[in-house]
Every structure is written in structure tokens, then in C-alpha cells.
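To convert, note that position 110 of the sequence shown is 110 in full-length UniProt numbering; the numbers rise steadily by one, no gaps.
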Amino acid sequence: MMASYDCEENDRNRLVQNHLERIRGLLEIEFRNETDKYHPIDIERIRNDDWQIIRYFGPNFIQQSLPKQRRESKLSQRSSKRINIEEIFQKIINTLRWKRMNGINDMQDKDFPREFFLINNLEILGRDPDDNTLIVWTCSRYTKEFADLKFFIKQFAHYEMNRLDSIAGRFGCKLITDAQHSTLLNIDIEMNQYSNWILETHFPGFLRQNILFNLSSLLGPIVKLILNFMDENTRQMVRIIHRRQLSNFIDKRFIPKELGGERTRNSIRLPEECRSYKEILGERLSSEQISRYDALLQKIFSK
1 MMASYDCEEN
11 DRNRLVQNHL
21 ERIRGLLEIE
31 FRNETDKYHP
41 IDIERIRNDD
51 WQIIRYFGPN
61 FIQQSLPKQR
71 RESKLSQRSS
81 KRINIEEIFQ
91 KIINTLRWKR
101 MNGINDMQDK
111 DFPREFFLIN
121 NLEILGRDPD
131 DNTLIVWTCS
141 RYTKEFADLK
151 FFIKQFAHYE
161 MNRLDSIAGR
171 FGCKLITDAQ
181 HSTLLNIDIE
191 MNQYSNWILE
201 THFPGFLRQN
211 ILFNLSSLLG
221 PIVKLILNFM
231 DENTRQMVRI
241 IHRRQLSNFI
251 DKRFIPKELG
261 GERTRNSIRL
271 PEECRSYKEI
281 LGERLSSEQI
291 SRYDALLQKI
301 FSK
């Protein structure tokens, strides 16, 4: 039986490798003909990292990129034959062109206001036993009251997703989302939908699980209703739990003490070279807008 399984495993690996070679061949032609539409960093990743292609094969194929002992599901030979080469090729070039057009690989920390990092309130806790990057995030700090800055906030979201995706690699991440201050009045549904679309379209396989806790009694049922309209893979990634259940999903060593774990949480990432939002965006904002944002930021950071 072991010999038979190893034979099937080798057959699957050959099929996947064949698909990789065919797609890379198409991409090399595209890179030669349309060089200016792609960033050199992305071209190099495609050439040297199989994950940058396999991630577009779909959820059933993502495990194939992991070491054998860490796979949670087996990839059947039949499913390997159903890969649509042209469709995957198109998805990849759409993402690479999107990244080039938005200048994502050329962005730096200093391009964004320090308030964006403070509002983001994100910390990388490390890697769990499955090598997933663990990220804790307080989602309620960004609200729809920042509507005038949404273009810049979306740019920041692109930058952070790309940065975290590069850190996580083929093992992806688990997101621990604290929603204790989220309400129907302040949640920005459009921004949440946009972020989910970006993750699914341009960073497939990055988010492996979103553990959502501290939802209010009003917001919880609404979030569950929204999930019912999403695809099965997205629904399976989201876990809505009570705070005391965190240790059922994450080792206590990785859970900050204020969330009932054992870890002393470090300060959030705040690059030294970052300036204030008024220094970076002040010329684009009226005095009334600045006064409103100053009051809003003071309210947020006092929580």
C-alpha cells in the first residue's frame, strides 16, 4: 500500500510540475513582450518561487505546495487534470499588472502617515506549529468616518497586504481579529468588502483562517448572515468565537496576556521615519477636515 501511495504521490507531483512549466512558459513570453507592465521583483518571484503560481490553482491545490507532513488534504490526480492553464495565466498577469499600476513594490513605510500604522494596530506574534504567521489585529479602529481618506487608506491596505504576504509565504497566515469596538454605526462595509476582494483576487492562499472574537450581540448575527452569502472556502476560514475560546484555536503561548494568553504583547509596528497625516496629506485636506480628524483620532486612541 505504501508503494502504491508513493507512486500516486509522484504522479501528482509530475502533473503539478508540468502545469507549472507550462504557465511559466506563457509568463516568460508575456514578460518579454510587455516588460514595462510588470515589476522586476514580481518577475523574479514568478521565476523562482513555485508558490507564486500554485496559489492560483485554487484551494484544493494550495496544500500541494507544503511539505508532505503538513498537508491537510490529499490532491487527487483527477483534480490536477482540471487545472485551466489559460485561466490561471490570466489571473496571474492581472495581479502583476495591478501591483505594477498601483506601485505596490515601490511603496515604503515613510510614504504613509504614522496614524495609519496606529489605527491598523497590527502585530505579528510569530509562527504557530503549522508555520502559519499569526497576526493580531483590532479591526474597529478604522471606521467609515475616515471616508475622505479612503483612497490613501486603500493604498496602505495594498502595501500592508503585500508586505505580510511576503513574510507569510506559502504557509499563509492566521488572523486573530478583535472586534470589541465594532458597531453597526462605525463599521465600513464597503472597505471590508474591498479588502476581502483584494485578498481573494490578488493574494489567494494568504489568509488561512480568520478567528473573529468580541463581536457585539447585534453585529454577530449580521456577520453570520453575510457569511452565508459567501463561497464555502471563505466561510470555512472564518471562526466566530467568544474570547475565552481563543485557546481552542491558538496556543496560549501566542495569545497576548490581555486576551487571556501567556504572551506579553510587543508594541505595534510604528516605523521611525513616518510623519503625521497632516505633514503628508495636509495640503489635500481643509482645516475643517483636519479638525474633525484630530478629534476622531483622539477619541480612537483614548480607548
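C-beta: ideal position from N, C-alpha, C; glycine also. Keep in mind that this is a model prediction, so the values were computed, not measured.
### Message
With H, G and I counted as helix, E and B as strand and the rest as coil, what does DSSP make of Phe112?
### Response
Taking the sequence shown and counting its residues from 1, one reaches residue 112 at position 112. Phe112 falls in the coil class under three-state DSSP.
### Task
Assuming Arg235 contacts Ile211 (C-beta within less than 8 Å), just tell me the rounded distance between them.
As a first step, residue 235 is located in the sequence shown; it is residue number 235 there, counting from the start. As a first step, residue 211 is located in the sequence shown; it is residue number 211 there, counting from the start. The Cβ separation is near 14 Å, so there is no contact.
### Task
Name the residue from Asn121, Arg127, Lys144 whose alpha carbon lies nearest to the alpha carbon of Trp137.
Position 137 of the sequence shown, counted from the first residue, corresponds to residue 137. Residue Asn121 is the option with its Cα nearest to Trp137.
### Message
Within 10 Å of its beta-carbon, does Phe229 have 16 or more other beta-carbons around it, so buried, or fewer, so exposed?
### Response
Here residue 229 corresponds to residue number 229 of the sequence shown, with the count starting at 1. It is exposed - the Cβ of Phe229 has fewer than 16 other Cβ atoms within 10 Å.
### Message
Going by the DSSP bridge assignment, what does Cys173 pair with across the sheet?
### Response
Residue mapping note: residue 173 aligns to position 173 of the sequence shown, counting from 1. The partner list for Cys173 (beta bridge, DSSP) reads Thr133, Leu207.
### Task
Can you tell me the Cβ-Cβ gap for Asn214 and Asp178, rounded? I've got them flagged as a contact below 8 Å.
Within the sequence shown, the letter at position 214 stands for residue 214. Within the sequence shown, the letter at position 178 stands for residue 178. So it is a contact: roughly 5 Å between Cβ atoms.
### Query
Hey, Ser216 and Ser182 are a contact pair by Cβ (cut 8 Å); roughly how many whole angstroms apart?
Counting from one through the sequence shown, the residue named residue 216 turns up at place 216. Counting from one through the sequence shown, the residue named residue 182 turns up at place 182. With 8 Å as the limit, Ser216 and Ser182 qualify as a contact, their Cβ atoms being about 7 Å apart.
### Query
Would you say the region 121 to 136 touches the region 83 to 98, given that touching needs at least three Cβ pairs under 8 Å?
no
### Task
Tell me Phe256's beta-bridge partners as DSSP assigns them.
Translated into the one-based positions of the sequence shown, residue 256 becomes position 256. In the sequence as displayed, the identity of residue 256 is Pro instead of Phe. DSSP output for Pro256 lists Arg263 as bridge partner(s).
### Message
Would Tyr38 and Ile88 be called neighbours here (beta carbons separated by less than 8 Å)?
### Response
In the sequence shown, the residue the question calls residue 38 occupies position 38. In the sequence shown, the residue the question calls residue 88 occupies position 88. No.
### Query
Is DSSP giving Gly58 helix, strand or coil here?
Numbered from 1 along the sequence shown, position 58 holds the residue referred to as residue 58. Of the three classes helix, strand and coil, the one that applies to Gly58 here is coil, per DSSP.
### Task
Would you identify the three-state DSSP class for Ile167, choosing helix, strand or coil?
Working through the sequence shown from its first residue, we reach residue 167 at position 167. Of the three classes helix, strand and coil, the one that applies to Ile167 here is helix, per DSSP.
### Query
Nearest to Leu134 by CA position, among Leu270, Ile290, Gln209, Asp148, is which residue?
By one-based count along the sequence shown, residue 134 stands at place 134. It is Gln209 whose Cα lies nearest to the Cα of Leu134.
### Query
Exposed or buried, which one is Pro204 when buried takes at least 16 other CB atoms within 10 Å?
Here residue 204 is taken as the residue at index 204 of the sequence shown, counted from 1. Label assigned to Pro204: buried.
#### Entry: Beta carbon of Ile85 nearer than 8 Å to that of Ile23
Position 85 of the sequence shown, counted from the start, is the residue given in the question as residue 85. Position 23 of the sequence shown, counted from the start, is the residue given in the question as residue 23. In contact: Ile85 and Ile23 (Cβ atoms closer than 8 Å).
### 8 Å Cβ shell around Leu219 - same chain, five flanking residues per side excluded
Position 219 of the sequence shown holds residue 219. Only Ala179, Ser182, Thr183, Leu184, Ile187 meet the Cβ criterion.
### Query
Should the region 265 to 281 be called in touch with the region 104 to 121, which here means at least 3 C-beta pairs below 8 Å?
Of all C-beta pairs linking the region 265 to 281 to the region 104 to 121, three or more are shorter than 8 Å, placing the two stretches in contact.
### Task
With DSSP as the reference, please indicate the residues paired to Arg14 in a beta bridge.
The residue labelled residue 14 in the question sits at position 14 within the sequence shown. The partner list for Arg14 (beta bridge, DSSP) is empty, contrary to what the question assumes.
### Message
Quick check on Glu21: does DSSP put it in helix, strand or coil?
### Response
In the sequence shown, residue 21 corresponds to position 21, counting from 1. Looking at Glu21 - three-state DSSP - the assignment turns out to be helix.
### Task
Hey, could you find the ends of the alpha helix (DSSP H) Arg127 is sitting in?
Stepping through the sequence shown from its first residue, residue 127 is reached at position 127. Taken as a continuous stretch (DSSP letters only), Arg127 belongs to no alpha helix (DSSP H), being part of the beta strand (DSSP E) at 122 to 127.
### Message
Rounded to whole angstroms, what is the Cα-Cα separation between Met107 and Phe152?
### Response
As a position in the sequence shown, residue 107 is number 107, starting the count at 1. As a position in the sequence shown, residue 152 is number 152, starting the count at 1. Approximately 12 Å between the Cα atoms of the pair.
### Message
If I follow the unbroken beta strand (DSSP E) through Ile240, where does it start and stop?
### Response
Looking up residue 240 in the sequence shown gives position 240. Ile240: member of the beta strand (DSSP E) spanning 238 to 241, first to last residue.
### Message
Please identify the residue among Asp231, Gly126, Glu272, Gly172 whose C-alpha is closest to the C-alpha of Lys110.
### Response
The residue you call residue 110 lines up with position 110 of the sequence shown. Selected option, being the one with the closest Cα: Glu272.
#### Entry: Same chain only: Cβ atoms within 8 Å of Ala168, ignoring 5 sequence neighbours per side
Here residue 168 corresponds to residue number 168 of the sequence shown, with the count starting at 1. For Ala168, where only same-chain residues beyond five positions count, the Cβ hits under 8 Å are Asn132, Thr133, Phe206.
### Task
Within 10 angstroms of the Cβ of Thr143, are there 16 or more other Cβ atoms? Answer buried if so, exposed if not.
Start at 1 with the first residue of the sequence shown, and residue 143 comes out as number 143. Classification of Thr143: buried, given that the 10 Å Cβ count is 16 or more.
### Task
For Ser73, name the three-state secondary structure that DSSP assigns.
Position 73 of the sequence shown, counted from the first residue, corresponds to residue 73. Below a pLDDT of 50, predicted positions are generally treated as unreliable, and Ser73, at 44, falls in that range; the measurement from the model is reported next regardless. In the structure shown, Ser73 sits in coil (DSSP, three-state: anything other than H, G, I, E or B).
### Query
Under a Cβ-count criterion, where at least 16 other Cβ atoms within 10 Å of its own Cβ denotes burial, should Ile300 be classed as buried or exposed?
By 1-based counting over the sequence shown, the position of residue 300 is 300. Looking at its Cβ environment, which holds 16 or more other Cβ atoms inside 10 Å, Ile300 is buried.
### Message
Quick check: what's the CA-CA separation for Arg82 versus Gln52?
### Response
One-based indexing of the sequence shown puts residue 82 at position 82. One-based indexing of the sequence shown puts residue 52 at position 52. Taking the straight line from one Cα to the other gives about 19 Å.
### Message
Quick check on the DSSP output: the alpha helix (DSSP H) that includes Met101 runs from which residue to which?
### Response
Position 101 of the sequence shown, counted from the first residue, corresponds to residue 101. Start and end: 85 to 101.
### Query
Can you give the Cα-Cα distance for Arg163 and Asp49, rounded to whole angstroms?
Here residue 163 refers to the residue found at position 163 when the sequence shown is read from its first residue. Here residue 49 refers to the residue found at position 49 when the sequence shown is read from its first residue. Distance between the alpha carbons of Arg163 and Asp49: 16 Å.
### Query
Secondary structure at Leu185, three-state DSSP: helix, strand or coil?
Position 185 of the sequence shown, counted from the start, is the residue given in the question as residue 185. Looking at Leu185 - three-state DSSP - the assignment turns out to be coil, as it is neither helix nor strand.
### Task
Look at Ile268 and Gly261 and say whether their C-beta atoms are less than 8 Å apart.
For the purposes of this step, residue 268 is identified with residue 268 of the sequence shown, where counting begins at 1. For the purposes of this step, residue 261 is identified with residue 261 of the sequence shown, where counting begins at 1. Going by C-beta atoms, Ile268 is not nearer than 8 Å to Gly261.
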